[in-house]
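These notes are about the structure you will find just below.
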Ligand SMILES: C[S@@+](CC[C@H](N)C(=O)[O-])C[C@H]1O[C@@H](n2cnc3c(N)ncnc32)[C@H](O)[C@@H]1O
């Protein structure tokens, strides 16, 4: 019998494979074009860093390309979905020499220890069934003083903003996402996974327990997204 976690990964691989053509456009529309600002903010932390970098749950290279636009460096970009990777390769002609696409699982990284100077994961952590296992892998493949940057959805702390945001998350996102892509289930999953995902304090605790040191945690756009910037090693 296939364990529940593996079944979940198969479900995601299929879902993301189906929406790949519309993925970036729908994200931008649903986030009112804030998603570009969130990724730009993350890539700003990497502008002075040499490679190699690792971008996990890379999708069609949305974040990898943003990082490369700031400064060309070698990036390994890993995703479960073959469709995401192939779509990404087709549209990234100018950056091809720097991009190394890898089909794989973010919880079982096919890389040697201490290989990367930075690891990024944007809107991917929430999808992983075993977050602790993934964090162990992040720690293993990063070199000493390597940077870990996680971009992930969160819920606003302000009760008024939260009361306005929740109906949008619960009803409007599945409705619009379904209408744009023809796959309402994918956007129902998005909405539910955001509501269920751990609060930033819990993620911070997990990272520090594993030995990462906090540089900063930034809530963005009223806290609907959080950027975690951590380092493997002893602070600054
Ligand atoms: C929401 S998309 C994020 C794409 C991109 N990082 C961005 O900034 O928009 C999540 C991606 O994670 C991938 N994914 C889900 N589970 C995964 C796993 N266990 N290992 C690797 N990739 C996974 C999906 O195929 C999908 O492309």
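Numbering (my numbering), first residue to last: 1 to 236. We treat Cβ as the ideally placed atom computed from N, Cα and C, and that holds for glycine. Values in this document were obtained by computation on a predicted structure and should not be read as measured data.
Taking 9 Å as the cut-off, the beta carbon of residue 109 is found closer than this to the beta carbon of residue 140. Ordered along the chain, residues surrounding ligand 1 are 12, 16, 57, 59, 62, 63, 79, 80, 81, 84, 105, 106, 122, 123, 124 and 127 [Cβ under 5 Å from any heavy atom].
Inter-segment contact for the stretch 222-231 and the stretch 139-153 is present: three or more beta-carbon pairs are separated by less than 8 Å. Annotated as distal: residue 85 and residue 66, with beta-carbon spacing of 9 Å or more. Residue 106 sits in coil when the DSSP states are folded into three classes, being neither helix nor strand. By the Cβ-count criterion, residue 160 is exposed, with fewer than 16 other Cβ atoms from all chains shown falling within 10 Å of its own Cβ. DSSP places residue 68 inside the alpha helix (DSSP H), whose first and last residues are 62-70. Distances from the alpha-carbon of residue 137 to those of 145, 57, 71 and 113 put 113 closest.
Just so you know, the alpha carbons of residue 145 and residue 58 end up roughly 23 Å apart.
Sequence-distant partners of residue 63 (beyond 5 residues in either direction) whose C-beta falls short of 8 Å from its own C-beta, in its chain, are 39, 42, 43, 55, 120, 122 and 151. Residue 8 and residue 14 have their C-alpha atoms some 10 Å from each other.
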